[in-house]
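Enquirer:
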Amino acid sequence: MLPTDEEKTTLRKVAGKMNKVAYLICIVEFAERASWYGVIQVFGNFVQRPLPAGGNGAGAPAKGTQDTAGALGKGTVISSAIKQSYQMIAYVLPILGGWLADVHFGRFKMVCIGVGIFAFSHIVLIIASIPSILQSGNAFGPFALGVYTLALGAGAFKPNVSPMLLDQNPYPQSVLSTLPSGERVIIDAESTQERIMLCFYLLINIGGFFGVATSYLAKDVGFWASFFVPTVVFMLLPGLLWFLKSRLVLKPPGGSDLGRTIKVLGLALKGGRIGRKGFWDAAKPSVNGRTNLAWDDAFVVDVKRAFQAAGIFCFFPIFNINDGGLGAAADALSVMLTTNGVPNDLLGNLNPLIIIFMVPVFDYGIYPFLRSKHIRYGPISRIFTGLLLCSTFSAGWPIITYYAYKTSPCGNHASNCFDADGNSLVSPITIWFTAIPVMLTAICEILVNVTAYGLAYSRAPVNMRGLVSALNLFSTGVSFAIGLGTSYIIQDPFIVWAFGGPSIIGFLLAFVFWFTFRDLDKEEYLLSEHMHEREAVLDNTGNAGRGSSSDITTEEKGLPRASSDPQKTGS
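Letter by letter, the sequence shown follows residues 1 to 571 in full-length UniProt numbering.
If you want it as structure tokens, here you go:
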């Protein structure tokens, strides 16, 4: 039973629990992200640094030195350009991948296509890292092929896996439920979606933490091991997808709503109320009186909501830049500092570590507490908090860089500082100081990125969910394009400003974001009004209607939790 307006304001809201299929999709994402981050974690050193003097010939440095792993020796500018270009492609191509899924292939098939491309790229990367190929100087060609096919696979996989996961949500609408204690509660659709995406993001970052292992493998064994081990983890994917296929709620391609959306936008623009209230009314059949239009008023509302989501995503490039620095600036800083045997690219993995720790805090602590107090911490408030804190915390990067220059034996040329024998000379400042901004900005990802996944799904017309999800990813591609366009400044002595400039800009834009979109937090959460097919599926499977107390997690019943493992608690 759906709650009344009075019940929405008086009853406690709780999140429904995920089904097993949703958990398995999250594991699919884990395997893909582990293989992805496992290899890209070492790309910076592979390209920037030369084969270490006295090393083992596979890229690993000699024991007991301050040298870092290296292979191609192309320097910071080329390293940054390659890193930004392949990541830009990986986040721009999803627009095509999302559209193809919406129109022709469906989400599951596009995910499988992406997995096939990934398999090819992992094999090529292993070939590029064979010691004999590294030593011959012929590694760049196969490495580039592996890198850019990896980006191509991401274009098919990334825009479709999160919508496919949210298609499994048994609660597209909020419903009433009664706990064993007799308390009547609302199983909240938005909170359930948030829980699903928190689990999804948790598994992303557990996979992302796999870069710790590959960083040590590159430093202690060589790059061939750093590329081989992620490939082994990747091999989980084909079996998981085969098992899931018959168990998924699959959305067949229905023809994209993109054409109708463009026509709706055209009619709205003709109305002449750009930037003012009622801009979209000119496209509504009930307002313009036209009976030959291929949409109704509800579809116009869907289009409006999709464009609002796209506007929100426009603020994400500066957030992504602050969440780790512009281009390869973090890599350049790391080689200036004292490592004492710690791989210089290791500390970036503290980002997923802190997310792994904090996701349960938000899911089982902060969000349930706010719901119990009837405090609405809406998506715009969450994103604003994340944008503001990230720009503030990222100020740590230029401070560390300033003192690294000041204390380096080479002064303002600290990122390429060697003695006569080719050994690295570094600042006495420990690399562990970079852990501070890495960990603090990671918390902001939970507020921004997790919320963005839900917005991309809930605010899109039903046949544009892949495309709108891709627009969210495209904002990340824009940040990498900015990094690529400014790669020339990722060199001494400008690295301070590669960190400091975005921090200042991000702080100002956070307030622009809040004043632009704050009213959206007053809207009630709802999916597209055109989800009749999904509602029919739910009615037939018995998942809709009045909720069962078994669909509520132990924490939100007010009972003690038996285990911190979400798989064991069913949350």
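Note that CB positions come from ideal geometry on N, CA and C, so glycine has one too.
(1) Relative to the C-alpha of Pro50, which residue among Ile25, Val28, Ile78 and Gln41 is closest?
(2) Quick test of your reading: Phe209 and Asn349, contact by CB under 8 Å. State the CB separation rounded to the nearest angstrom.
(3) For Gly197 and Gly378, which I take to be in contact (beta-carbon distance under 8 Å), what is that distance rounded to the nearest angstrom?
(4) Tell me which same chain residues have a C-beta within less than 8 Å of the C-beta of Pro398, skipping the five on either side of it?
(5) Which stretch, first to last residue, makes up the beta strand (DSSP E) that contains Val185?
(6) In terms of alpha-carbon separation, which member of Ala306, Arg465, Asp102 and Ala90 lies closest to Phe118?
(7) Grouping DSSP H, G and I as helix and E and B as strand, with all else coil, what is Ser427?
(8) In the DSSP assignment, what residue or residues form a beta bridge with Phe418?
(9) Could you give the DSSP three-state label for Thr338: helix, strand or coil?
(10) So what does DSSP say about Leu51, is it helix, strand or coil?
(11) Check for me: the alpha helix (DSSP H) holding residue 610 runs from which residue to which?
(12) Starting from the Cα of Gly57, find the closest Cα among Asp188, Cys26 and Ala225 and give me that residue.
(13) Within this structure, are the beta carbons of Ile490 and Ala332 separated by less than 7 Å?
(14) If we count Cβ pairs, one from each stretch, closer than 8 Å, do we get three or more for the segment 378–387 versus the segment 24–41?
(15) DSSP three-state call for Leu293: helix, strand or coil?
(16) Which same chain residues end up closer than 7 Å to residue 576 when comparing Cβ atoms and leaving out the 5 residues on each side of it in sequence?
(17) Ile443: buried (16+ other C-beta within 10 angstroms of its C-beta) or exposed?
(18) Can you check which of these residues, Arg33, Phe418, Lys8 and Asp363, is closest to Cys199 by C-alpha distance?
(19) Okay, do the segment 130–142 and the segment 168–184 touch, 3+ Cβ pairs below 8 Å being the bar?
(20) Since I believe Ser475 is in contact with Ala456 (beta carbons under 8 Å), could you give me their beta-carbon distance rounded to a whole number of angstroms?
(21) If you count every other CB in all the chains shown that lies within 10 Å of the CB of Gln41, and 16 or more means buried, which is it?
(22) Please go through the same chain and pick out, in chain order, the residues whose beta-carbon is closer than 7 Å to the beta-carbon of Leu425, but skip the five residues on each side of it.
(23) Any idea if Met235 is buried or exposed, counting beta-carbon neighbours within 10 angstroms, 16 or more meaning buried?
(24) Alpha carbon to alpha carbon, how far is Ala189 from Lys13? Give it in angstroms, no decimals.
(25) Using the C-alpha atoms, what's the distance from Thr261 back to Asp296?
(26) Residues in its own chain within less than 7 Å of Gly542 by CB, not counting five upstream and five downstream?
(27) Whole angstroms are fine: how far does the CA of Phe316 sit from the CA of Gly75?
(28) Within the continuous alpha helix (DSSP H) that includes Gln87, where are the two ends?
(29) Applying the 10 Å Cβ sphere with the 16-neighbour rule, what's the burial state of Leu166?
(30) Could you check where the alpha helix (DSSP H) with Gln135 kicks off and where it finishes?
(31) Between the beta-carbon of Phe38 and the beta-carbon of Thr214, is there less than 7 Å?
(32) With DSSP as the reference, identify every bridge partner of Leu72, one or two as the case may be.
(33) Which of helix, strand or coil does DSSP assign to Cys26?
(34) Among Thr441, Thr339, Pro230 and Gly422, which one has its Cα closest to the Cα of residue 587?
(35) Given 8 Å as the limit, is there contact between the segment 353–369 and the segment 516–524, that is, 3 or more CB pairs closer than that?
Expert: Taking the coordinates as given:
(1) Here residue 50 corresponds to residue number 50 of the sequence shown, with the count starting at 1. Among Ile25, Val28, Ile78 and Gln41, the Cα nearest to that of Pro50 is on Ile78.
(2) Translated into positions along the sequence shown, residue 209 becomes position 209. Translated into positions along the sequence shown, residue 349 becomes position 349. So it is a contact: roughly 6 Å between Cβ atoms.
(3) Residue 197 sits at position 197 when you count from the first residue of the sequence shown. Residue 378 sits at position 378 when you count from the first residue of the sequence shown. It should be pointed out that residue 197 corresponds to Met in this sequence rather than to Gly. Their Cβ separation, rounded to whole angstroms, is 15 Å, which puts Met197 and Gly378 out of contact at 8 Å.
(4) The residue labelled residue 398 in the question sits at position 398 within the sequence shown. Within the same chain, Pro398 has close Cβ partners Val496, Trp497, Phe499, Gly500 and Ser503.
(5) Position 185 of the sequence shown holds residue 185. First-last of the beta strand (DSSP E) with Val185: Arg184 to Ile187.
(6) Counted from its first residue, the sequence shown places residue 118 at position 118. Comparing Cα-Cα distances from Phe118 to each of Ala306, Arg465, Asp102 and Ala90, the minimum goes to Ala90.
(7) Taking the sequence shown and counting its residues from 1, the one referred to as residue 427 is at position 427. Reduced to three states, the DSSP call for Ser427 is coil.
(8) To locate residue 418, count along the sequence shown from 1; it is residue 418. Per DSSP, Ser424.
(9) Indexing the sequence shown from 1 puts residue 338 at position 338. Thr338 falls in the strand class under three-state DSSP.
(10) Residue numbering aside, residue 51 sits at position 51 when the sequence shown is read from its first letter. Coil at Leu51, not helix or strand.
(11) Shown here, the chain extends from 1 to 571; a query on residue 610 therefore has no answer.
(12) Stepping through the sequence shown from its first residue, residue 57 is reached at position 57. Of Asp188, Cys26 and Ala225, the residue nearest in Cα terms is Ala225.
(13) Against the sequence shown, residue 490 aligns to sequence position 490. Against the sequence shown, residue 332 aligns to sequence position 332. The beta carbons of Ile490 and Ala332 sit closer together than 7 Å.
(14) no
(15) What you label residue 293 is simply residue 293 of the sequence shown in a count that begins at 1. Of the three classes helix, strand and coil, the one that applies to Leu293 here is coil, per DSSP.
(16) Outside the shown range of the chain (1 to 571) lies residue 576, about which nothing can therefore be said.
(17) Looking up residue 443 in the sequence shown gives position 443. Ile443 comes out buried.
(18) Numbered from 1 along the sequence shown, position 199 holds the residue referred to as residue 199. Closest option to Cys199, Cα to Cα, is Asp363.
(19) no
(20) As a first step, residue 456 must be located in the sequence shown, where it is residue number 456. As a first step, residue 475 must be located in the sequence shown, where it is residue number 475. Actually they do not touch by this definition, with Cβ atoms about 10 Å apart.
(21) Indexing the sequence shown from 1 puts residue 41 at position 41. With 16 or more Cβ atoms within 10 Å of its Cβ, Gln41 is classed as buried.
(22) To locate residue 425, count along the sequence shown from 1; it is residue 425. So the list reads Pro409, Cys410, Cys417, Phe418 and Asp419, once near-sequence residues are dropped.
(23) Numbered from 1 along the sequence shown, position 235 holds the residue referred to as residue 235. Answer is exposed; the Cβ neighbour count stays below 16.
(24) For this step, residue 13 is matched to residue 13 along the sequence shown. For this step, residue 189 is matched to residue 189 along the sequence shown. Their Cα atoms are separated by approximately 9 Å.
(25) For the purposes of this step, residue 296 is identified with residue 296 of the sequence shown, where counting begins at 1. For the purposes of this step, residue 261 is identified with residue 261 of the sequence shown, where counting begins at 1. Rounded to whole angstroms, Asp296 to Thr261 spans 12 Å at the Cα level.
(26) The residue you call residue 542 lines up with position 542 of the sequence shown. Only weak support exists for where Gly542 lies, its pLDDT of 42 falling under 50; the coordinates are left without a value.
(27) Residue 75 sits at position 75 when you count from the first residue of the sequence shown. Residue 316 sits at position 316 when you count from the first residue of the sequence shown. So the alpha carbons of these two residues sit roughly 29 Å apart.
(28) The residue labelled residue 87 in the question sits at position 87 within the sequence shown. Its alpha helix (DSSP H) spans residues Gly75 to Val92.
(29) On the sequence shown, residue 166 is found 166 positions in, with the first residue counted as 1. Looking at its Cβ environment, which holds 16 or more other Cβ atoms inside 10 Å, Leu166 is buried.
(30) For the purposes of this step, residue 135 is taken as residue 135 along the sequence shown, with counting starting at 1. Where Gln135 is concerned, the enclosing alpha helix (DSSP H) stretches over Pro131 to Ser136.
(31) Indexing the sequence shown from 1 puts residue 38 at position 38. Indexing the sequence shown from 1 puts residue 214 at position 214. Note that residue 38 is Gly in the sequence shown, not Phe. A contact, by the Cβ cut-off of 7 Å.
(32) Position 72 of the sequence shown holds residue 72. Paired residue(s): Pro50.
(33) Looking up residue 26 in the sequence shown gives position 26. Residue state, collapsed to three classes: helix.
(34) Given that the chain is displayed from residue 1 to residue 571, the structure contains no residue 587 and the question cannot be resolved.
(35) no
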